[in-house]
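Structure, as structure tokens:
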Amino acid sequence: MDDDEDEDSKDREPPVMKLDFEKLFKMAEDPDLEELLRSPLDQALINLEDGTEVQKLTSIRTFPDILDTSDGEKCLLKMLPAIQKCLKVEKSNLDLHCEAAVVYKSIIQNESLVKKFQGIVDLLLENILQNIQNQKEHHTHEKEKVIIKAGSSINNQMHHLSAAVWLETIVEVADKLSLSSIKQFVNCSCDSNTSRASSKSQRRIIATKIIHKLAMFLPPNEIRKDLCPIVTTLCKDANSNVRVAVAQRLFVIANALKNAHDVVSCLLPSYVLLLNDEEMNVREAAMNSLTDAFSLFTRDARKHTLFSVIKKLTEEAMEKKNEGLPVISNNFGKWSWELNELLDQLDKSWILNTYCKMVQISDELCEGAQKTIRNVLKKTCCFNYPCMLTMFKKQVDRLLPFLEMFCTDHDEEVRICIAASYHEILIMFPD
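In structure tokens, the structure reads:
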């Protein structure tokens, strides 16, 4: 029985495997299968070109991971331009710009990727600056439109925020950038042939923030040789916003120089220039910075140069009684204290007389904008009051009447201000 079955099985023809080619071809044309067979790089490029917002975000997020694979060179060659193109098209999409900024920063800070791809830091820096430029140009274009469509103000806010994101990114990675690339970028921005262009002012403001960051870790000799000449140029910039930005950072640079004579030779001319600037916001930034940096100058520079500038500015402001007077008064006490041991009796008398005049001006009756200026001025005079009592104890009879005036002032903030320093007055005059 078993033998018969074996013979029958031998006589049977082996089964023939037939392929359904039509079905296979249909499977090959299936878009889902095609997507599965794509490399991460190819899929990312497609998403950046035609994908949804989520797909574009995902593709940008995977950029560092693909860079770190065997397709890294190809990824840098193809994907970075694709991301840049996507960002240029999607100027108003803050999420895309934020994600790209985070990714670019992470790559610059990734030592492994920086070693793997020579020049990638400068390449990304160039692209970051281009993104800032694109936002600036688009904002300018929107402003020039005659017809303002609904929602345009929101779009403009998005452009400002996107530019700010890239600005903060470049500041955060400043310590990873080469000094030569920064100098080239700043010098190009300060070129006399292009410095008047409004599109360049954004770059120069970025330069001031980068200089601030570099001053915190570069050695003093490099700051003196490489950064200070750039600072001098920026202090003479035609754009007042740039001058404000550099004025706000002069103290950090002065402190980093760690030598009073270097501070005088490198920064004193810039301080004098900005303190005499035609724009009030520039003078204010320079005065506030000077207050912080005052003790970093040599005694001679403080006594002769800085005191002369302060005296001139104060007398002009008291004569005009403009918005600059409260700013000067806000810093006046600190300046006076720093100069106390350096001035002769005549100059000290000027300080006392000037303070008394400021108090009298603050108590004058007026309306409108002048009233606001007087109120701010009086509060700053209250702030300086203990300092004046300490410096001029022998002339206390001239100062004590002001105490009653401050304590009975109709403005609550003035009374709060003098109350905050009342304990200091009692310590000086316990009787």
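Going by the numbering used here, the first residue of the sequence shown is number 3, and it counts up by one from there. C-beta: ideal position from N, C-alpha, C; glycine also.
Beta-carbon proximity check, P66 vs S108, cutoff 8 Å: Taking the first residue of the sequence shown as 1, we reach residue 66 at position 64. Taking the first residue of the sequence shown as 1, we reach residue 108 at position 106. For P66 and S108, yes; Cβs fall inside 8 Å.
Of the residues I62, E55, T54, the one placed nearest L43, counting alpha carbons only: What you label residue 43 is simply residue 41 of the sequence shown in a count that begins at 1. L43 has its Cα closest to that of I62, out of I62, E55, T54.
Alpha-carbon spacing of Q362 relative to N377, whole angstroms: In the sequence shown, counting from the first residue as 1, residue 362 sits at position 360. In the sequence shown, counting from the first residue as 1, residue 377 sits at position 375. For Q362 and N377, the distance between alpha carbons rounds to 12 Å.
Beta-carbon spacing of V274, T235 below 8 Å: Taking the first residue of the sequence shown as 1, we reach residue 274 at position 272. Taking the first residue of the sequence shown as 1, we reach residue 235 at position 233. Cβ distance not < 8 Å, so V274 and T235 don't count as in contact.
Alpha-carbon spacing of M390 relative to I134, whole angstroms: Counting from 1 along the sequence shown, the entry for residue 390 is found at position 388. Counting from 1 along the sequence shown, the entry for residue 134 is found at position 132. Each residue's alpha carbon lies about 48 Å from the other.
Among L229, L169, G326, V175, nearest to Q1 - alpha-carbon criterion: Past the boundaries of the shown model lies residue 1; the chain is included only from 3 to 433, so the question cannot be answered.
L405 to D399 span [Cα, whole Å]: Here residue 405 corresponds to residue number 403 of the sequence shown, with the count starting at 1. Here residue 399 corresponds to residue number 397 of the sequence shown, with the count starting at 1. Answer to the nearest angstrom: the Cα atoms are 11 Å apart.
Cβ-based burial, C268 [other Cβ within 10 Å; buried from 16]: For the purposes of this step, residue 268 is identified with residue 266 of the sequence shown, where counting begins at 1. Under this definition C268 is a buried residue.
Residue of Y106, S114, I225, S182 minimising C-alpha distance to L169: Start at 1 with the first residue of the sequence shown, and residue 169 comes out as number 167. Of Y106, S114, I225, S182, the residue nearest in Cα terms is Y106.
Assigned secondary structure, Q347 (DSSP; H/G/I helix, E/B strand, else coil): Residue numbering aside, residue 347 sits at position 345 when the sequence shown is read from its first letter. Q347 falls in the helix class under three-state DSSP.
Own chain, CB closer than 8 Å to E224, minus 5 neighbours either side, in chain order: Numbered from its first residue, the sequence shown carries residue 224 at position 222. Excluding positions up to five away in sequence, the list reads L181.
Cβ-based neighbour list, H263, same chain, cut-off 7 Å, excluding 5 preceding and 5 following: Numbered from 1 along the sequence shown, position 261 holds the residue referred to as residue 263. Here the set comprises T300.
Span of the alpha helix (DSSP H), counted from its first residue to its last, around N386: Stepping through the sequence shown from its first residue, residue 386 is reached at position 384. For N386, the uninterrupted alpha helix (DSSP H) segment begins and ends at 371–393.
Reduced DSSP category for V175 - H, G, I as helix; E, B as strand; rest coil: Locating residue 175 in the sequence shown gives position 173, where the first residue counts as 1. Coil at V175, not helix or strand.
At least 3 beta-carbon pairs within less than 8 Å: the segment 312–320 vs the segment 345–360: Enough Cβ pairs lie closer than 8 Å, so yes.
Cutoff 7 Å; reference A249; Cβ partners in own chain excluding five residues on either side: The residue you call residue 249 lines up with position 247 of the sequence shown. If we look at A249 and ignore the five residues flanking it on each side, its Cβ neighbours are L276, V284, A287, A288, S291.
CB of D279 within 8 Å of CB of R245, strictly: Within the sequence shown, residue 279 is the residue found at index 277, counting from 1. Within the sequence shown, residue 245 is the residue found at index 243, counting from 1. Cβ distance < 8 Å, so D279 and R245 count as in contact.
Identity of the residue in M393, E101, P328, K76 nearest T60 by Cα: Start at 1 with the first residue of the sequence shown, and residue 60 comes out as number 58. Comparing Cα positions, the closest option is E101.
Best match in F119, D124, Q132 for proximity to R205 [C-alpha to C-alpha]: The residue labelled residue 205 in the question sits at position 203 within the sequence shown. Of the candidates F119, D124, Q132, the residue whose Cα lies closest to the Cα of R205 is Q132.
Span separating the alpha-carbon of E414 from that of A422: In the sequence shown, counting from the first residue as 1, residue 414 sits at position 412. In the sequence shown, counting from the first residue as 1, residue 422 sits at position 420. Rounded to whole angstroms, E414 to A422 spans 12 Å at the Cα level.
Whole-angstrom distance between P83 and D52, CA atom to CA atom: Along the sequence shown, read from residue 1 onward, the residue named residue 52 stands at position 50. Along the sequence shown, read from residue 1 onward, the residue named residue 83 stands at position 81. Going by the C-alpha atoms only, they are around 15 Å apart.
Rounded separation between L344 and Q397 - CA only: For this step, residue 344 is matched to residue 342 along the sequence shown. For this step, residue 397 is matched to residue 395 along the sequence shown. The C-alpha of L344 lies about 19 Å from the C-alpha of Q397.
Own chain partners of C419 with C-beta closer than 7 Å, once the 5 adjacent residues on each side are dropped: On the sequence shown, residue 419 is found 417 positions in, with the first residue counted as 1. Hits under 7 Å: K381, C384, F385.
P222, buried or exposed, once every other Cβ within 10 Å from all chains shown has been counted against 16: Counting from one through the sequence shown, the residue named residue 222 turns up at place 220. Residue environment for P222: exposed (fewer than 16 other C-beta atoms within 10 angstroms of its C-beta).
CB of S164 within 8 Å of CB of L96, strictly: Start at 1 with the first residue of the sequence shown, and residue 164 comes out as number 162. Start at 1 with the first residue of the sequence shown, and residue 96 comes out as number 94. Their beta carbons are under 8 Å apart, which means S164 touches L96 by this criterion.
Where the alpha helix (DSSP H) through C368 begins and ends: Stepping through the sequence shown from its first residue, residue 368 is reached at position 366. According to the DSSP assignment, C368 belongs to no alpha helix (DSSP H), since it is labelled neither H nor E.
Three-state secondary structure (DSSP) of H263: Your numbering for residue 263 matches position 261 in the sequence shown. Helix, per DSSP.
Neighbourhood of G326 by C-beta distance below 7 Å, restricted to the same chain and skipping five residues each side: The count along the sequence shown starts at 1 and reaches residue 326 at position 324. Excluding the 5 residues flanking it on each side, G326 has same chain C-beta neighbours closer than 7 Å at M282, R285, A319, in chain order.
Own chain residues within Cβ distance below 6 Å of G335, not counting five before or after: In the sequence shown, counting from the first residue as 1, residue 335 sits at position 333. Counting only residues of its own chain and dropping the five nearest sequence neighbours on each side, G335 has a CB closer than 6 Å to the CB of N386, C389.
Same chain, Cβ closer than 7 Å to H214, five either side skipped, listed in chain order: The sequence position of residue 214 within the sequence shown is 212, counting from 1. Excluding residues within five positions, the ones whose Cβ falls inside 7 Å are R251, V254.
Nonlocal neighbours in the same chain, by C-beta distance under 6 Å from K211, ignoring five residues either side: As a first step, residue 211 must be located in the sequence shown, where it is residue number 209. These residues qualify, in order along the chain: V173.
Buried versus exposed, by CB contacts within 10 Å (16 or more), P403: Along the sequence shown, read from residue 1 onward, the residue named residue 403 stands at position 401. Exposed, by the Cβ-count rule.
Simplified DSSP assignment, three categories, for G121: Translated into the one-based positions of the sequence shown, residue 121 becomes position 119. Here G121 carries a coil assignment [DSSP, helix/strand/coil].
Separation of W337 from V56, as counted between CA atoms: One-based indexing of the sequence shown puts residue 56 at position 54. One-based indexing of the sequence shown puts residue 337 at position 335. Approximately 56 Å, taken between the alpha carbons.
Distance CB(I110)-CB(V175) smaller than 8 Å: Position 108 of the sequence shown holds residue 110. Position 173 of the sequence shown holds residue 175. Between I110 and V175, the C-beta gap is smaller than 8 Å, which places the two residues in contact.
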